[in-house]
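Position one of the sequence shown corresponds to residue 287 (the numbering used here), numbered consecutively onward. Each remark here refers to the structure printed beneath this line.
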Amino acid sequence: ATACFIGAFSVGFSFGLFIPFIFSKGLSFVPKKYGNDATTILMLSTNGANFLCPYVSKFINVGGTDRSLF
Numbered sequence: 287a288t289a290c291f292i293g294a295f296s297v298g299f300s301f302g303l304f305i306p307f308i309f310s311k312g313l314s315f316v317p318k319k320y321g322n323d324a325t326t327i328l329m330l331s332t333n334g335a336n337f338l339c340p341y342v343s344k345f346i347n348v349g350g351t352d353r354s355l356f
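If you want it as structure tokens, here you go:
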């Protein structure tokens, strides 16, 4: 139980640092007038990656013993 708590805390903490950094870095590459569109694309990309992550993990682990997805 302690390992799960530590893992969940570390993932949540790193996600809280990662997202603002990526958004600010991404917005520094586009003109200010396209900031809203760039934020939308970044948000869709991060949410899409979070959605696809378990499926990609399952695909990579073909033949393995991981049964956590299905």
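The beta carbon of each residue, even a glycine, is placed where N, CA and C say it ideally should be. Computed from a predicted structure; not experimentally measured.
Length of the line joining the Cα atoms of residue i and residue j
{"i": "Cys290", "j": "Pro317", "result": "42 Å"}
{"i": "Leu303", "j": "Ser331", "result": "17 Å"}
{"i": "Phe307", "j": "Pro340", "result": "24 Å"}
{"i": "Ile346", "j": "Asn333", "result": "20 Å"}
{"i": "Lys319", "j": "Ala335", "result": "26 Å"}
{"i": "Ile292", "j": "Gly298", "result": "10 Å"}
{"i": "Asp323", "j": "Phe315", "result": "12 Å"}
{"i": "Ile305", "j": "Phe295", "result": "16 Å"}
8 Å Cβ cutoff met for residue i and residue j
{"i": "Thr325", "j": "Phe309", "result": "yes"}
{"i": "Gly321", "j": "Leu328", "result": "no"}
task = Output the residue ranges of the alpha helix (DSSP H) runs that lie fully inside the segment 302-326 and measure 4 residues or longer, sorted by chain position.
result = As far as the segment 302-326 is concerned, it has no whole alpha helix (DSSP H) run of at least 4 residues.
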